[in-house]
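Following: one structure in structure tokens, then a few remarks.
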Amino acid sequence: MKTMSPEDAARCCTLGLLLELATSPKPGLVDRLSNPDVYACFTASAVALYPCFLKAAQGTSVGDAVLCSTREMMSWQKGGNTHLGSLLLLTPIAKAAVEAGKIERLSRSLEKTLKQMDYRDLHKILKAIKMVGPGGLGKVAYLDVNNAKTYNLVKQRKTSVIEAFKPYAQWEVVAHEYSTNYQASIMHGYMFLRKRIEQEDWN
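Under UniProt numbering, the residue at position 184 of the sequence shown is numbered 184, and the numbers go up by one with no gaps.
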């Protein structure tokens with residue numbers, strides 16, 4: 001199997017978003033049949049994320065790439081937050097995939113990437129979340145993105161991304177995956193795809 005180039009890693013992340021959008025039906029989620037107007041916003045912003053995934057794959061920090069993705073996502077359509085959770089999950093993968101070189105080494109590379117995400121990455125990720133203003137966020141007791149003191153606290157304590165997200169791991173998908181080295185994604189997503197590819201001739 002060939003090694004993963006930065007361009008291929010970015011293409012895979014973008015393609016993953018588009019394929020996920022094409023899946024129908026998806027109970028409770030936007031798909032190509034449930035809401036065509038919103039679907040167009042999701043499609044446009046997915047394509048717009050490619051340059052930012054590429055930056056991550058080329059070595060840009062996860063925090064910078066997430067901030068880049070969030071700005072592009074919001075500027076390319078008027079539907080608001082379309083892919084925040086997905087880009088938070090895919091950006092470390094884009095970075096780790098190139099460093100891993102081969103899919104068999106991705107899990108180990110991801111673990112390294114996650115551990116390297118420090119307080120500077122966290123600061124930018126929190127800024128990205130605030131920029132999007134996801135629905136129902138409200139006030140939280142720990143690391144409230146709408147509280148200016150949060151950003152000073154992150155810098156003072158040098159809080160890593162994993163440290164910040166771990167308290168939410170039991171009920172929030174991104175926090176769970178960051179805290180467990182993408183346990184659910186690897187056990188259910190990757191293993192399912194691998195089995196299907198071995199059974200069928202997938203392009």
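We treat Cβ as the ideally placed atom computed from N, Cα and C, and that holds for glycine.
By the C-beta density criterion, T23 is exposed, having fewer than 16 other C-beta atoms within 10 angstroms. Between the C-alpha atoms of L114 and N181 there is a straight-line separation of about 8 Å. Put simply, the region 103 to 111 does not touch the region 146 to 154. Fewer than three CB pairs are less than 8 Å apart.
Within the same chain, Cβ atoms closer than 7 Å to the Cβ of T82 are found at C41, F42, S45, M73, the five residues on either side in sequence being excluded. Within the region 108 to 181, the runs of alpha helix (DSSP H) at least 4 residues long that lie entirely inside it are, in chain order, 119 to 132, 148 to 157, 161 to 165, 173 to 179. Contact annotation, V174 with F165: C-beta distance approximately 7 Å; criterion of less than 8 Å satisfied. With contact defined as three or more Cβ pairs closer than 8 Å, the region 46 to 58 and the region 8 to 19 are in contact.
In the DSSP assignment, T43 falls within the unbroken alpha helix (DSSP H) covering 36 to 48.
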